[in-house]
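Here's the structure we're looking at; comments come further down.
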Amino acid sequence: PAEIVQVGDEVMVRIVRIDGVNHRLGLSMREIGDDDDAISSELYDDLLGQSAQ
Numbered sequence: 004p005a006e007i008v009q010v011g012d013e014v015m016v017r018i019v020r021i022d023g024v025n026h027r028l029g030l031s032m033r034e035i036g037d038d039d040d041a042i043s044s045e046l047y048d049d050l051l052g053q054s055a056q
């Protein structure tokens, strides 16, 4: 992900998974119009939790 975005960048993402137990979000940067069956398998760590640390 560091090759794609940098700290402070503003990006549009889709929430593809919410893991309340581990306090993590699965995020996808694919366009909203993409086929839901083709959602990226690359899921990013809970960005909100990292930015709050």
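When the letters of the sequence shown are read in order and numbered with the numbering used here, they come out as residues 4 to 56.
Glycine included, C-beta positions come from ideal geometry on N, C-alpha and C.
Here the structure is a predicted model, which means the values were calculated and not measured.
Beta-carbon spacing of residue i, residue j below 8 Å
i          : j          : result
residue 27 : residue 17 : no
residue 19 : residue 29 : yes
DSSP-derived helix/strand/coil call for residue i
i          : result
residue 55 : Confidence in residue 55 is poor, its pLDDT being 44 and thus under 50, which makes the residue's placement too unreliable to answer from.
residue 22 : strand
Residue i, enclosing beta strand (DSSP E) - first and last residue
i          : result
residue 33 : No beta strand (DSSP E) contains residue 33, which DSSP labels as neither H nor E.
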